[in-house]
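Down below is the structure, laid out as structure tokens.
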Amino acid sequence: MGVPTIEDQFILKTKVYFNRDSLKFLKQVKGSRAFIVSDSIMESLGYLQQVVDYLHDAGISSHIFTGVRPDPDVSLIADGLKLYRESGADVLVAIGGGSAIDSAKGILYFAWQFAAVEGAEINKPLFIAIPSTSGTGSEVTDFSVITSNGEKIVVIDEFIAPDIAILDSTCIQHVPQHVVADTGIDVLVHAIEAYVSTKATHFSDALAEKAIKLIFENLETLYKDPKNDFARDCVLNASCLAGMAFTNTGLGINHSLAHAFGGTFHISHGRSNALLLNQVMEYNADLNGPLGEYAASRYAKLAVILQLPARTKREGAVNFMQAIKRLKKSLGIEDKIRYLGIDQTEFANALEHLAETALLDRCTPTNPRQPAKEDLKVIFEKCY
Ligand SMILES: NC(=O)c1ccc[n+]([C@@H]2O[C@H](COP(=O)([O-])OP(=O)(O)OC[C@H]3O[C@@H](n4cnc5c(N)ncnc54)[C@H](O)[C@@H]3O)[C@@H](O)[C@H]2O)c1
Ligand SMILES: [Zn+2]
């Protein structure tokens, strides 16, 4: 924790409703017209209709945009923006994974930007986010990740943080097993990066520690037994807690590298993060260097929380990293990038650009150890 500054603060703008069935909160929303951002899977699973019906009970009519695709790009945002502006909505609802919630945030962000350019007043809608993965934590963050020309751009602005998050774990009961694994590891990376961030505080630490504990205690169970309601509740809550932490602390180079790698090779966000995690932690902890790094002691603290042996900083950090490796293996996650079938020459040719992009990513400045481009290339090479 650094020297206090005038900027030291902890912000939590979003009101959170949780529990199975909390989707019914929509019956109490105040407004007249809703614009709903979602995808065809949420439509076919019937969740979208449920949202429309509950809003109807609240006297709110719905305009629906189901054009969301994974890793939303600017053209998708432009399509949604046009319909959103035409709808005149006073309520904006996103139901889906991080891609749907980030799309709604992108639409909101550009609606605001356009209004500013036109000198028009923006009537900010009530923004409700309902995650269907566990997850990105996007329901409580001021982050949105949008792909432009094949590259993932991180937009960070308080304006796009949802007003209300609804954590109803019945909405995540049909998530495919590999998505449970990927999104669950994404939660873990959010919490770990928040914990070692240069902007970590006691407030973010408390949230990150709880999220990490919930993931270690429940993610493997949920992966192996998708009908386990308790494990599903716990992982969904962990996702939100980790989001609350990192929207305050920022993230780190795990995300910077994952944005560059996932955007280039079309690998899901969570899997990209998972493949990079251990090498990033080794770099941050500098275990083969002077072992003086702040991150090593933070990882060791997490080992203590998980009741792993941690008589020394090295022992704790190593045991925490080993526990992560075991967890990833239990979730069927590959050990190396090459096992995804990515060609070695293609990967080597992309390295320079991947490292350059990651260095400039908005998640890099809060990493506990400031990397040079060469460091990022070495991490990528070790992960291959
Ligand atoms: N804004 C943030 O704070 C933040 C944080 C992390 C990641 N992200 C971004 O979020 C995106 C990834 O989001 P994600 O990991 O949630 O995946 P996703 O939203 O892309 O969904 C992954 C797949 O799962 C399907 N799916 C989602 N919910 C389902 C359900 N309940 N049942 C069945 N299928 C379901 C989707 O249709 C999709 O095919 C990336 O673009 C990433 O960069 C944003
Ligand atoms: Zn993430």
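Basically my numbering = 1-based index in the sequence shown + 1031. From the three backbone atoms N, C-alpha and C, an ideal C-beta is built for every residue, glycine too. These figures come from a predicted structure and were not determined experimentally.
- Residue state for residue 1186 is assigned as strand, using DSSP reduced to three classes.
- DSSP assignment within the stretch 1205-1291 yields the following whole alpha helix (DSSP H) runs of 4 residues or more, N-terminal first: 1208-1227, 1233-1255 and 1260-1280.
- In summary, residue 1331 is buried, with 16 or more beta-carbon neighbours lying within 10 Å of its beta-carbon over all protein chains present.
- The stretch 1148-1156 makes no contact with the stretch 1275-1292, as fewer than three CB pairs between them are under 8 Å.
- For the stretch 1094-1145, the full-length alpha helix (DSSP H) segments reaching 4 residues or more read 1105-1118 along the chain.
- Between residue 1123 and residue 1158, the CB-CB gap stays under 8 Å.
- For residue 1192, no alpha helix (DSSP H) encloses it, and the DSSP letter there is neither H nor E.
- DSSP places residue 1048 in the uninterrupted beta strand (DSSP E) bounded by 1046-1049.
- Inclusion of residue 1365 and residue 1371 in the CB contact set at 8 Å is warranted, their separation being smaller than that value.
- Listed in chain order, the non-local C-beta contacts of residue 1205 below 8 Å within the same chain comprise 1076, local neighbours out to five positions each way being set aside.
- The secondary-structure analysis by DSSP pairs residue 1178 across a beta bridge with 1104 and 1183.
- Note on geometry: alpha-carbon atoms of residue 1368 and residue 1355 lie some 17 Å from one another.
- Your pair residue 1214 and residue 1165 checks out as a contact, with CB atoms roughly 6 Å apart and the cut at 8 Å.
- A straight-line Cα-Cα distance of about 22 Å links residue 1404 and residue 1298.
- Counting other Cβ atoms within 10 Å of its Cβ, residue 1361 stays below 16 and is therefore classed as exposed.
- Judged by pairs of C-beta atoms under 8 Å, the stretch 1248-1267 does not touch the stretch 1175-1188, as fewer than three such pairs exist.
- In terms of Cβ geometry, residue 1334 and residue 1168 do not form a close pair [threshold 8 Å].
- Within the same chain, no Cβ atom closer than 6 Å to the Cβ of residue 1258 is found once the five residues on either side in sequence are excluded.
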